[in-house]
Ligand SMILES: O=C(O)CCC(=O)C(=O)O
């Protein structure tokens, strides 16, 4: 399959769950004219939406078939927010209304909306975090940041191997392995993360990606260790669960406050998402962020992404939540 040839030699991914239409869209996303056409459509529809129903209905029809997401490559945060407000969120709020909130959730959502990230503090104990690290060390994973990018050879995580010159900076575990981690299951069981995501996004989202990553000291840089925007969807949010403590000089994700909604930000003054083992951050990763090249010991973290699906992530990467059973 083209996706595997282009992006991965991982045989695990040959049994992809994506539909023929999603494969077509996947290929289309490689063509700049298609992406530019999506961008133009989005800009135009955002302008027309207040006075006409057609742009909203047609955009929604296209998005349900995984079209339009190619435009994300060219959208400014302002344009993405305007399109989400005018078209995406109203449509999703009709089909999947937001769940009831509470004062603690509303406070987290307010901070997340203002800055693009919020520290939720210790949602798991340090003993639970240690148990999760032990669990992942006992499992097979892949030598890359996501299984899709890896050589597809399952192996045990050896943090020492991440140290060497020319070695991958990341190790990762499949979504199945992450979801089978008892501490991940615990975290997801009370619906708290989805509630925060729903409060922020304005509709009840699906969980579409779970991935556990490991980084260690090293010289090479992976491309996510440069400032970038995750271009999954028009409305999505990522939780980072820290299984090990992270600090500015030790693995903490780097984030430019307010860059999720504004282009007028000071990229030279980022924030480090520092925390203890068991802490959780909720981050709008369309905002400018970067993995931290500086790591002093093996750093374990799991990301859990919520948003609308299909999206560019679900079309590109079949190792998302298994079998499209968006929990
Ligand atoms: O490793 C990290 O902290 C960040 C990962 C990241 O930036 C990404 O996956 O987009």
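Residue numbers (my numbering): 3 to 329.
Don't be surprised by glycine CBs; every beta carbon is placed ideally from N, CA and C.
State the Cα-Cα distance for the pair residue i and residue j, rounded to the nearest angstrom.
| i | j | result |
| --- | --- | --- |
| residue 88 | residue 48 | 6 Å |
| residue 91 | residue 124 | 30 Å |
| residue 158 | residue 143 | 6 Å |
| residue 102 | residue 119 | 21 Å |
| residue 276 | residue 169 | 26 Å |
| residue 133 | residue 191 | 17 Å |
| residue 22 | residue 67 | 11 Å |
| residue 155 | residue 287 | 29 Å |
| residue 229 | residue 53 | 37 Å |
| residue 313 | residue 106 | 29 Å |
| residue 29 | residue 72 | 11 Å |
| residue 316 | residue 322 | 7 Å |
| residue 218 | residue 299 | 6 Å |
| residue 267 | residue 231 | 14 Å |
| residue 250 | residue 264 | 24 Å |
| residue 272 | residue 257 | 5 Å |
Is the separation between the beta-carbon of residue i and that of residue j shorter than 8 Å?
| i | j | result |
| --- | --- | --- |
| residue 280 | residue 130 | yes |
| residue 208 | residue 311 | yes |
| residue 239 | residue 202 | yes |
| residue 100 | residue 205 | yes |
| residue 283 | residue 214 | no |
| residue 180 | residue 216 | no |
| residue 147 | residue 183 | no |
| residue 70 | residue 61 | yes |
| residue 285 | residue 291 | yes |
| residue 295 | residue 223 | yes |
| residue 220 | residue 164 | yes |
| residue 44 | residue 94 | no |
| residue 177 | residue 278 | no |
| residue 75 | residue 37 | yes |
| residue 200 | residue 86 | no |
| residue 171 | residue 234 | no |
| residue 189 | residue 126 | yes |
If we count the other Cβ atoms within 10 Å of its Cβ and call it buried at 16 or more, is residue i buried or exposed?
| i | result |
| --- | --- |
| residue 65 | buried |
| residue 149 | buried |
| residue 242 | buried |
| residue 109 | exposed |
| residue 245 | buried |
| residue 55 | exposed |
| residue 33 | exposed |
| residue 152 | buried |
| residue 112 | exposed |
| residue 140 | exposed |
Cβ of residue i versus every heavy atom of ligand 1: is any distance shorter than 7 Å?
| i | result |
| --- | --- |
| residue 44 | no |
| residue 1 | Residue 1 lies beyond the residue range present for the chain, which begins at 3 and ends at 329; the question has no answer from this structure. |
| residue 306 | no |
| residue 294 | yes |
| residue 198 | no |
| residue 215 | yes |
| residue 232 | yes |
| residue 267 | no |
| residue 135 | no |
| residue 287 | yes |
| residue 120 | no |
| residue 226 | yes |
| residue 363 | For the chain, the structure presents residues 3 to 329; residue 363 sits outside this window and is missing. |
Based on the DSSP output, what are the partners of residue i in its beta bridges?
| i | result |
| --- | --- |
| residue 266 | Answer is none; residue 266 lacks a bridge partner. |
| residue 291 | 230 and 257 |
| residue 211 | 307 |
| residue 302 | 216 |
| residue 249 | 252 and 253 |
| residue 204 | For residue 204, which the question treats as bridged, DSSP gives no partner whatsoever. |
Tell me whether residue i, by its Cβ, gets closer than 7 Å to a heavy atom of ligand 3.
| i | result |
| --- | --- |
| residue 58 | Ligands present in the displayed structure are limited to ligand 1, and ligand 3 is not among them. |
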